[in-house]
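Residue numbers (our numbering), protein chains in the order written: chain A, 1 to 215; chain B, 1 to 215. No residue lacks a Cβ here, since even glycine has one placed at the ideal position from N, Cα and C.
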DNA sequence: TACTTGTCCTGTCATGCCGTCAGCTTACCG
DNA sequence: CGGTAAGCTGACGGCATGACAGGACAAGTA
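This is the structure in structure tokens:
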């Protein structure tokens, strides 16, 4: 899939090299969780990995490059977010359940990868196409799936034709991503997870079907 | 209100000093729009302002500190976001209009201040309480207003009691903020502003009232 | 064992930014 | 005109960056 792992100067990395490379990625990942993105320095990552800055630059052009690598790995994992939605009916109780599971899956995934996702989000918002692409990769499976659902419901006459399926799906996904990345904020503001989830599910259901769920 | 503007070492800033300070803030602001947050250096800001790095450190402890200052200024401005909502009825056509105007105001405000808001969002997501507070300051007026609306509708029996007003309002506001900060993303993905806005308004209306709008 | 080859890592260096300080200049006031 | 405080900067030690050459190491060959 990735073909071959290569160093910056073009050599192919062997067993040992790949291990070092991965260790650097892991340490960077950890670092991103514990300190602000702006303050993450190559030298700290290298020290944490028990190696030297020069080694880091052998495998990655800069911190951004390494972050992109981590994000790619995560994106592959995140493709599974959409499994929940496959072949789901959005009519009746089944729809309410689909909405709930989508919300659950999303929040979990985000909580697990919040540090990287933060950086990816920033990069995308700043207009960096590489980050933007990865963000798409993660969100697209869900967005596309939801878009299809809306279109299908529209063709059956169950949803107004003047709804833009893509815009609706995109907005809902953006909402999920935003709420997920500010989960802590909600909590310290007095909103509990237990309240948050059903409300998000309700909004998703309302947005997709245009109707209140039958619970 | 702010009392007196002071330098880092305690002196009070006079006319000239305040002008320099403001110029630094303006240049920083511009810089944030044109290059990634991670790459904004004090020396560049100072150069752009026609002064020296030492001067920067006279007025701000670091880049973050200056960003907070800009964000404060913006937050004051952003308090006006809620004007649109004051004394609005969410019943009938008026509700649909309120939703539309809210979305309009939000997207405009975000587009105007996207660079700072990006950084504030990042800081908040990273758990920095100072950034989190400012984010609240900007969003709270809207969130609270929406929360009140939902509660009012609940007391009149027009909205289900099991909806958490705060969670719903918070989710909607988070959605608006997220979509706003990825406006460019939506566009390059094939979703036009003209489609986006009504869909967001629809979602807001659905979330607040639980019903489709009468247009 | 000695030699070769290619991978892997680091010491070192020039460069550039950070953050601080002493000290110079400028403005204001009696 | 002299005093005082504001305003600014040159210069410096410290540290991160990013490049390079060369040493360490493993594996294969004879």
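Check for me: the alpha helix (DSSP H) holding residue i runs from which residue to which?
i, result
"residue 114/A", "114 to 125"
"residue 193/A", "193 to 209"
"residue 59/B", "53 to 59"
"residue 148/A", "129 to 155"
"residue 183/A", "183 to 188"
"residue 19/A", "15 to 34"
"residue 67/B", "63 to 78"
"residue 84/B", "No alpha helix (DSSP H) holds residue 84/B; DSSP gives it neither H nor E."
"residue 41/B", "Run containing residue 41/B: none; DSSP gives neither H nor E here."
Would you call residue i buried or exposed, if buried means 16 or more other Cβ atoms sit within 10 Å of its Cβ?
i, result
"residue 2/A", "Residue confidence is low: residue 2/A scores 44 on pLDDT, short of 50, so the model does not pin down where it sits. No coordinate-derived value is stated."
"residue 16/A", "exposed"
"residue 135/A", "buried"
"residue 8/B", "exposed"
"residue 39/A", "exposed"
"residue 164/A", "buried"
"residue 77/A", "exposed"
"residue 185/B", "buried"
"residue 108/A", "exposed"
"residue 12/B", "exposed"
"residue 54/A", "exposed"
"residue 6/A", "exposed"
Does the separation of the CB atoms of residue i and residue j fall below 9 Å?
i, j, result
"residue 62/A", "residue 198/B", "no"
"residue 149/B", "residue 90/B", "yes"
"residue 194/A", "residue 213/A", "no"
"residue 180/B", "residue 141/B", "no"
"residue 173/B", "residue 143/B", "yes"
"residue 170/A", "residue 196/B", "yes"
"residue 93/B", "residue 211/B", "no"
"residue 126/B", "residue 37/A", "yes"
"residue 45/B", "residue 56/B", "yes"
"residue 168/B", "residue 138/B", "no"
"residue 71/B", "residue 116/B", "yes"
In chain A, which residues lie less than 7 Å from residue i when you measure between Cβ atoms?
i, result
"residue 185/B", "124, 132"
"residue 156/B", "Correct list: empty, because the minimum Cβ distance to chain A is about 17 Å."
"residue 178/B", "174, 175, 177, 178"
"residue 94/B", "Those do not exist, as residue 94/B stays about 20 Å from chain A at its closest Cβ, beyond 7 Å."
Using a C-beta to C-beta distance shorter than 9 Å, which residues of chain A count as neighbours of residue i?
i, result
"residue 203/B", "168, 171, 172, 175, 203, 206, 207"
"residue 37/B", "37, 38, 122, 126"
"residue 229/B", "Look at the range of chain B in this structure, 1 to 215, and you will see that residue 229/B is not part of it."
"residue 242/B", "This structure cannot speak to residue 242/B, because chain B is shown only from 1 to 215."
"residue 161/B", "The premise fails here: residue 161/B is roughly 13 Å from chain A at the closest Cβ pair, so nothing lies under 9 Å."
"residue 210/B", "202, 206, 212"
Residue i touches chain A at which residues, Cβ-Cβ below 8 Å?
i, result
"residue 118/B", "122, 125, 126"
"residue 151/B", "Per Cβ cutoff of 8 Å: no residues; residue 151/B is ~14 Å from chain A at best."
"residue 181/B", "125"
Which residues in chain B sit within 7 Å of residue i, going by Cβ to Cβ distance?
i, result
"residue 200/A", "171"
"residue 29/A", "Near residue 29/A there are no residues of chain B at all, since even the closest Cβ is about 15 Å away, more than 7 Å."
Taking Cβ-Cβ distances shorter than 8 Å, what residues in chain B pair up with residue i?
i, result
"residue 190/A", "166"
Should residue i be listed as close to the ligand FMN, given that the test is whether its C-beta is under 8 Å from any heavy atom?
i, result
"residue 123/B", "This structure lacks the ligand FMN, and indeed carries no ligand of any kind."
Mind checking the stretch 50 to 83 of chain A against chain B and listing, in chain order, the residues whose C-beta falls within less than 7 Å of any C-beta there? Taking 7 Å as the cut-off between beta carbons, none of the residues of the stretch 50 to 83 of chain A comes near chain B.
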